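Reviewing the structure listed below.
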Amino acid sequence: MSFEDNEKLASIFETIADALEFLNDNPFKIRAYRNAVDSIRSLNESIVDIYSKSNPKKVEGIGKDLEQKIKEYIDTKKVAYLDELLEKVPYTLFQLKDIRGLGPKTLYKMFERYRVRTLEDVKKLVFENDELKDISLLEKSIKKIREGIELFEEGQSRFSLGASLLIAKGLIEQILKIDYVVKAEIAGSTRRGKETVGDLDILICTKDFKNVSKALANLPHKQIIALGDTKVSLLLSNNMQVDFRIVDDESFACALQYFTGSKEHNVRVREIAIKKGFKLNEYGLFFKDKKIETKSEEDIYKALGLCYIKPTLRENKGEIEACLSNNLPDVVELEDIKGDLHVHSNYSDGLMNLEEIIQEAINRGYEYIAITDHSVSSYVANGLSVERLYEQLNEIDKLKSKYKGKINILAGSEVDIKKDGSLDFDDSVLKDLDIVIASIHQGFGNSKDINTKRIIAAIENPYVNIIGHPTGRLISQRPPYELDMQSIVEKAAKHKTALEINSFYLRLDLNDEHARLAKAFGAKLCINTDTHTKDNFNYMLFGVLTAQRGWLEKSDCLNTLNYSKLKQFLKKR
Ligand code: DGT
Ligand code: CA
Ligand code: CA
Ligand code: ZN
């Protein structure tokens, strides 16, 4: 099954990278594996299909050595190098590497010195000791690890939207090949575009319940949790649970509405149904016990006197009221996006050169594209010095003329906001750029007041156009830094600085609620992918779903503007 292979291979490479990190191996080698993981996760086709060809096309981020390992995987379904590494690092440690404040080096020291192997072992160690001098952990670090463990335990039981959508897509492709399956659709929180997903829900339309449920149970899995004619639940190899519901054509629309949820939204819709004399459940819509034909979800909402409410809005956060008072937002769609304004090239830590980026943006039908590499302080990301920035500007200038009429290129930078709130480049440099993103990449541990001041200083800078990933969170890995979000959105609106919705699936930053707050205060949002590889451009969907959940309309977003309107906004004043 194609996409499951992508995920399997990505997680093998990820585990190899983690193991190398535990063992303090060469950082470039680790980087190569991580880059490969990234490219595989954002691929739009099966890695097995690509590399099964005799003369496979080049996949970005995958060099000769890793190509060999992929071929080995295709032949043997495993990578022997991983087994070798697993003899040195106990596998249980891997699950703990995402605990904030811990890190592979400390974890490995804990293993060597105290034979710590599981989360329970780590908890015992750090909650019973205020410091561990033997492995040079003082009180402050121990406190951080304790906080990290709490966050980790919260996030453990949920998957990222990115992983969930990827797996769902692969499963649906498989399911549609089963005999007598007419339709298959994603439902549940994945369809609502929620940032994390507890389990995956898939709805399947057929007449042949028995054979379809049998075929579902034959999809690759680790365990069968439930097996009946109308419901099959599987545990996948990555521990994700998938609930398949099998329905006939007559019930499909109502079942889709029901299993999309949210539960809270459904409760409200059902109340409205009952008040009007209807009954609504997963089997159908009934009026005085007579089943009413519903071909689509639209039909259901319409019959109840409601307008159609998109899945991303179905959270009972005011959408029913908005619908009844004709104020439901006409939310932004993927097709409304006219360009990506946060892109890294191989001048810093991206994998594409400038022309590859431009070509890809053209392929995607974008009207404009910005090049925004890191600035000098982001030195792990190979940030650009002023000299290298001007070199790049020079090259971009030439490309602007070369691609004139095909796409508009904006020369920019993702400038670090330094600890004191000043920026990595002086205004005299920033004024030469077409677009400036300012982001915090260092000094997360400060107070709410200091963090807020740093961001507001950047917002007020006359050359800054966008604040990148404003809260710095990494979903279930790093909490957002504390910010006074209301002051930030107010200032952003006032100074015409947009706030980013970073679409990378572990960021989704701003999140849906912050986006909605920003909109309420009239700030513009910009949905960017923070692309580092060609396929990362696909992340735009996650950002758009988040924007929809934040009730954003096309007019609330910066990168839905056409090029001349965009240029006007970028001038700020
Ligand atoms: P998750 O999996 O935690 O990310 O969230 P959901 O929304 O996917 O929840 P899930 O998988 O438990 O159920 C999928 C949908 O099915 C849910 O959004 C609404 C519907 N549903 C499930 N159980 C119930 C229930 O007991 N009552 C109602 N009204 N709806 C339910
Ligand atoms: Ca679910
Ligand atoms: Ca479920
Ligand atoms: Zn970036």
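Everything in the sequence shown is counted per this note's numbering, starting at 512 for the first residue and increasing by one.
Heads up, the beta-carbon is just placed ideally off N, CA and C, and yes, glycines get one too.
None of the values given here were measured: they were computed from a predicted structure.
Member of the options whose CA lies at the smallest distance from the CA of residue i
| i | options | result |
| --- | --- | --- |
| E684 | K733, E556 and G659 | E556 |
| F770 | R545, T1071 and S700 | S700 |
| L815 | H853, C765 and F524 | C765 |
| E1011 | M996, V1000, I977 and K1005 | I977 |
| K828 | L862, H776 and S856 | H776 |
| K694 | D759, S671 and E642 | D759 |
| L672 | S1075, T1057 and C1068 | T1057 |
| V743 | N750, D712, I966 and S762 | D712 |
| E650 | E642, R657 and N893 | E642 |
| R545 | Q870, Q988 and L862 | L862 |
| E1064 | T805, K821 and I811 | K821 |
| A1029 | K616, E578, V1000 and L662 | V1000 |
| T629 | Y602, G932 and S652 | Y602 |
| A1034 | G739, C1068 and I715 | C1068 |
| Y691 | L676, C716, I967 and L677 | C716 |
| I646 | G956, G659, R626 and D847 | R626 |
| I920 | D860, G956 and K849 | K849 |
| E871 | I736, R552 and I918 | I918 |
| S896 | S912, G916 and F936 | F936 |
| K725 | I689, E993, D960 and A698 | I689 |
| T741 | G704, F720 and P731 | F720 |
| I551 | A521, I660 and D536 | A521 |
| I527 | E515, N535 and I541 | I541 |
| L577 | E595, K806, L677 and A543 | A543 |
| N1022 | P981, D995 and F1032 | P981 |
| R611 | Y1074, G956 and N962 | G956 |
Per-residue burial, residue i [other beta carbons within 10 Å of its own, 16 or more giving buried]
| i | result |
| --- | --- |
| N1049 | buried |
| V940 | buried |
| R624 | exposed |
| Y901 | exposed |
| C818 | exposed |
| K532 | With the sequence shown as reference, residue 532 is identified as Glu, and Lys is not the correct amino acid for it. Counting Cβ neighbours within 10 Å, E532 comes out buried, since at least 16 surround it. |
| Q1059 | buried |
| N1039 | buried |
| Y890 | exposed |
| V511 | What is shown of the chain runs 512 to 1084, which leaves residue 511 out entirely. |
| L835 | exposed |
C-beta atoms of residue i and residue j nearer than 8 Å
| i | j | result |
| --- | --- | --- |
| I882 | I868 | yes |
| V1077 | Y877 | The sequence given here has Leu at residue 1077, not Val. It is not a contact, given that the beta carbons lie outside the stated cut-off. |
| H853 | D1041 | yes |
| K608 | L618 | yes |
| T1071 | V843 | yes |
| L604 | F622 | yes |
| E696 | L796 | no |
| E946 | L745 | Per the sequence presented here, residue 946 reads as Ile, with Glu not at that position. No, these two residues do not count as a Cβ contact at 8 Å. |
| C1037 | A1003 | no |
| V495 | I678 | The first residue shown for the chain is 512 and the last is 1084, placing residue 495 beyond what the model contains. |
Contacts around residue i, its chain only, beta-carbon distance under 6 Å, and the 5 residues preceding and following it disregarded
| i | result |
| --- | --- |
| I523 | V590 and L593 |
| K519 | none |
| W1062 | P840 and R1027 |
| H1006 | I970 and E971 |
| K733 | L746 and S748 |
| E830 | I820 and L824 |
| E571 | S550, L862, T1044 and K1045 |
Residues of its chain near residue i, where Cβ-Cβ distance is below 7 Å and the 5 sequence neighbours each way are ignored
| i | result |
| --- | --- |
| E525 | V548 |
| G954 | K930 |
| N687 | Residue identity check: residue 687 is Leu in the sequence provided, not Asn. Cβ within range, chain order: A695. |
| L727 | V743 and F755 |
| L865 | S856, I882, E906, I907 and L910 |
| P990 | L662 and R984 |
| D516 | S557, I558 and V559 |
| A698 | D712, I713, L714, L767, F770 and T771 |
Beta-carbon contacts of residue i that lie in its chain and below 8 Å, excluding the five residues immediately before and after
| i | result |
| --- | --- |
| I986 | G666, S671, E706, T707, Y1016, L1017, R1018 and L1019 |
| R899 | Y858 |
| R669 | T707, V708, G709 and S987 |
| S762 | E793, Y794 and G795 |
| S452 | Missing from the structure shown is residue 452; the chain here goes from 512 to 1084 and no further. |
| K634 | I660 |
is_contact[residue i, chain B] using C-beta, thresh 8 Å
| i | result |
| --- | --- |
| V743 | In the structure shown, chain B does not exist; there is a single protein chain. |
Q.
Across the segment 560-579 and the segment 1051-1058, are there enough close Cβ pairs to call them in contact, namely three or more that are closer than 8 Å?
A. no
**Q.** Stretch pair the segment 947-966 + the segment 923-930: three plus CB contacts closer than 8 Å
**A.** Touching, yes, given that three or more Cβ pairs across the two stretches are closer than 8 Å.
Q) Per the contact definition of three or more C-beta pairs closer than 8 Å, is the segment 734-752 in contact with the segment 780-790? A) no
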